[in-house]
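Protein chains: 2
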Amino acid sequence: MHPDLSRLCIHTITTKPWDLEEALDRYSRAGVGGISVWQDAVAALGSRKAGDLIRQYPVDVVSYVRGGFFPAADPQARLNAIDRNKKMLDEAADIGAPILVLVCGADPGQPLELSRAQIRDGIEAVIPHAAANGVQLAIEPLHPMYADTRSAVNTLEQANDMAEYFNSEWVGIAVDVYHLWWDPHLEDQIARCGRNGNLSAFHICDWNTPTSDMLNDRGLMGEGCIPLHQISTWVERTGFSGYREVEIFSNRLWQIPQQEFLDKIISAYLKIW
Amino acid sequence: MHPDLSRLCIHTITTKPWDLEEALDRYSRAGVGGISVWQDAVAALGSRKAGDLIRQYPVDVVSYVRGGFFPAADPQARLNAIDRNKKMLDEAADIGAPILVLVCGADPGQPLELSRAQIRDGIEAVIPHAAANGVQLAIEPLHPMYADTRSAVNTLEQANDMAEYFNSEWVGIAVDVYHLWWDPHLEDQIARCGRNGNLSAFHICDWNTPTSDMLNDRGLMGEGCIPLHQISTWVERTGFSGYREVEIFSNRLWQIPQQEFLDKIISAYLKIW
Chain Z
1 MHPDLSRLCI HTITTKPWDL EEALDRYSRA GVGGISVWQD AVAALGSRKA
51 GDLIRQYPVD VVSYVRGGFF PAADPQARLN AIDRNKKMLD EAADIGAPIL
101 VLVCGADPGQ PLELSRAQIR DGIEAVIPHA AANGVQLAIE PLHPMYADTR
151 SAVNTLEQAN DMAEYFNSEW VGIAVDVYHL WWDPHLEDQI ARCGRNGNLS
201 AFHICDWNTP TSDMLNDRGL MGEGCIPLHQ ISTWVERTGF SGYREVEIFS
251 NRLWQIPQQE FLDKIISAYL KIW
Chain B
274 MHPDLSRLCI HTITTKPWDL EEALDRYSRA GVGGISVWQD AVAALGSRKA
324 GDLIRQYPVD VVSYVRGGFF PAADPQARLN AIDRNKKMLD EAADIGAPIL
374 VLVCGADPGQ PLELSRAQIR DGIEAVIPHA AANGVQLAIE PLHPMYADTR
424 SAVNTLEQAN DMAEYFNSEW VGIAVDVYHL WWDPHLEDQI ARCGRNGNLS
474 AFHICDWNTP TSDMLNDRGL MGEGCIPLHQ ISTWVERTGF SGYREVEIFS
524 NRLWQIPQQE FLDKIISAYL KIW
């Protein structure tokens with residue numbers, strides 16, 4: 001009997017050396033239930049052909065990654081960001097992704113409060129396009145160490161505030177343990193997120209000690225200090241029954257044979273779930 | 274007329290290539306008002322002789338750095354940490370420092386909540402020794418990127434909770450812009466910290482974009498994206514009239530001639546204050 005991987009999803013970036021077709025082939029052979037597709041994995045084919053390819057494999061498309069990056073001091077850059085997000089919503093629809101994950105962005109040349117306001121304005125501007133495509137925008141709060149350039153939304157509380165402000169079925173939240181594990185309010189904010197119907201995605205990996213690179217040294221589940229089982233319990237308690245999405249950026253793990261890495265991911269997953 | 278550097282303090286670690294005597298000499302020649310002394314700068318002489326040396330220079334000792342590191346899975350290690358902190362309180366008294374800064378610690382092998390409880394227990398165990406020495410313990414909340422090994426106290430709210438729990442004149446808080454600048458609740462939590470009499474120290478530097486090293490790539494004030502003037506205004510509004518302490522760890526800046534670096538620090542300080 002195969003182990004139950006029906007709720008395991010892998011982000012294509014996790015096995016970056018594989019192109020989309022190889023990822024689809026390897027994940028589906030292994031029985032992995034879902035795939036979250038990064039834009040770079042689609043770029044070579046274009047989103048329509050990528051969609052045709054994806055539909056040949058027995059894996060669910062869980063999300064398209066990643067829109068956002070709304071803030072900029074330059075107004076034209078903000079308009080460009082809105083266009084870019086609309087295009088990504090079209091692409092998400094093409095590949096059958098129900099969610100576009102938002103890394104909201106930040107501009108170190110302006111106050112965080114201004115970046116936060118521009119994020120809100122940017123999301124507001126693309127909601128109608130999200131609705132027209134039937135694709136939900138999922139705000140992903142990012143670790144405070146990325147507050148300078150990647151996201152001015154750094155806690156689940158902020159993401160909850162923003163999602164509740166919109167109160168739209170087209171705006172949800174992606175909870176990623178890497179970004180949020182340290183937060184003393186995490187349990188309460190996860191409960192709030194679920195209670196208000198905003199918990200759309202759950203991303204997993206681990207925090208390495210030491211972390212050698214702020215971007216590309218994420219750990220495989222179980223390697224680090226994140227209490228994955230505990231956080232997962234908080235997520236499940238809200239009624240969440242979606243995918244557990246493995247999103248690992250790792251210079252180290254991208255260097256090993258990727259089938260070996262996939263096997264490790266599955267073993268690590270099965271130890272916890 | 275000399276510029277007013279009476280509220281400028283420099284941490285010895287900032288000019289790490291200088292030994293204590295050279296730091297005292299250079300800082301006082303430049304008119305810098307205060308010095309915060311790191312344990313490594315005292316180790317060569319011992320704290321009594323270091324105290325004798327310091328008293329020959331017209332600079333105030335602002336704080337001794339750094340105690341803490343209370344959590345550990347091993348009970349004996351926790352007892353050792355308490356002894357180490359008591360010894361540091363003795364040394365702080367020897368050099369005339371009114372404050373011992375606490376980097377509270379964390380053990381990645383145990384839950385953050387447990388580390389937080391052990392921090393509280395550790396501080397409680399050393400308060401009588403702090404009182405006997407007339408040295409205040411200053412809890413320094415650290416950036417969430419250090420939650421694995423350096424501190425399980427990662428927001429000013431947590432530090433406020435802890436200081437208010439003790440409600441002791443021997444427990445205060447060190448506010449460091451590097452650790453806290455991203456926090457959407459920072460203004461409110463600084464006000465709370467001041468209102469409750471717990472704002473004991475104010476540390477300054479900047480956040481570089483990109484940050485090449487999680488520990489030793491802090492920026493000089495003005496180089497990065499931290500709204501120093503704004504945060505300083507929030508601190509001053511509480512009535513705080515203490516030192517602005519420059520605490521920069523930088524592989525890059527430790528490599529330039531340190532007198533040149535000191536001149537840069539003074540210029541950067543005078544642009545803001």
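Protein sequences appear in the order of chains Z and B. One point on numbering: in the numbering used here, the residue at position 140 of the first sequence is 140, and numbering is uninterrupted. To get the numbering used here, take the position in the second sequence, counting from 1, and add 273. Even for Gly, the Cβ is constructed at its ideal location relative to N, Cα and C. Just so we're clear, the structure is a prediction, and the values are computed from it rather than from any experiment.
Counting every other CB atom within 10 Å of its CB across the protein chains shown gives Z:Y27 a total of 16 or more, marking it as buried. In this chain, the beta strand (DSSP E) harbouring Z:Q136 covers Q136 to I139. Z:A72 is positioned such that its CB atom lies closer than 8 Å to that of Z:R78. With a threshold of 8 Å between beta carbons, B:C478 makes no contact with chain Z. The CB of B:H502 never comes closer than 9 Å to any CB in chain Z; the least such distance is about 11 Å. By the beta-carbon neighbour count (other beta carbons within 10 angstroms, threshold 16), Z:Q189 is buried.
By the beta-carbon neighbour count (other beta carbons within 10 angstroms, threshold 16), Z:L20 is buried. About 6 Å separates the beta carbon of B:L415 from that of B:V376, a gap short enough to meet the 8 Å contact definition.
Contact of B:D367 with chain Z by beta-carbon distance below 7 Å is absent, the smallest such distance being about 33 Å. Closer than 8 Å to the CB of B:A323 there is not a single CB belonging to chain Z. Taking 8 Å as the cut-off, the Cβ atoms of Z:P108 and B:T482 count as close.
Straight-line spacing of the CA atoms in Z:A125 and Z:G134 works out to 16 Å. Between Z:Y165 and the set Z:E187, Z:I95 and Z:A117, the nearest pair of CA atoms involves Z:A117. Closer than 8 Å to the CB of Z:M145 there is at least one CB belonging to chain B. Per DSSP, reduced to three states, the secondary structure at Z:V177 is helical. According to the DSSP secondary-structure assignment, Z:H11 is paired through a beta bridge with Z:S36. Within the DSSP secondary-structure output, B:W480 pairs in a beta bridge with B:R491.
Sequence-distant Cβ neighbours of Z:N251 in its own chain, meaning closer than 6 Å and more than five residues away, are N216. In this structure, the CA atom of B:M487 is about 25 Å from the CA atom of Z:A159.
Counting only the Cα atoms, Z:A41 lies some 27 Å from Z:D148. Fewer than three Cβ pairs drawn from the segment 252–267 of chain Z and the segment 500–514 of chain B lie within less than 8 Å of each other, which leaves the two stretches out of contact. The beta carbons of Z:F202 and Z:G172 sit no closer together than 8 Å. For the pair Z:I99 and Z:S200, the CB atoms are nearer than the 8 Å cut-off. B:H452 sits buried, since 16 or more C-beta atoms from the chains shown fall within 10 Å of its C-beta. Listed along chain B, the residues sitting closer than 9 Å to Z:T149 by beta-carbon distance are T482, P483 and C498. Scanning chain Z for C-beta atoms nearer than 9 Å to the C-beta of B:Q431 yields P184, reported in chain order.
Under the Cβ distance rule, Z:M214 counts among the residues neighbouring chain B, one pair being separated by less than 8 Å. Apart from the 5 residues on each side of it in sequence, Z:L24 sits with its Cβ closer than 6 Å to the Cβ of Y57 in its chain, given in chain order. Sequence-distant partners of Z:S47 (beyond 5 residues in either direction) whose C-beta falls short of 6 Å from its own C-beta, in its chain, are E91, D94 and I95. Out of Z:G31, Z:T15, Z:Y64 and Z:I10, the CA that lies nearest to the CA of Z:W38 is found in Z:Y64. In terms of beta-carbon proximity, B:L543 stays away from the interface with chain Z, with every pair separated by 8 Å or more.
Contact between Z:G105 and Z:S151 holds, with the beta-carbon distance rounding to 6 Å and staying under 8 Å. Residue pairing of B:A474 in beta bridges, as defined by DSSP: B:A447. The Cβ atoms of B:T288 and B:Q531 lie closer than 8 Å to each other.
DSSP lists Z:Q136 as the bridge partner or partners of Z:I99. A residue is called buried when at least 16 other Cβ atoms come within 10 angstroms of its Cβ; B:D347 does not meet this threshold and is exposed.
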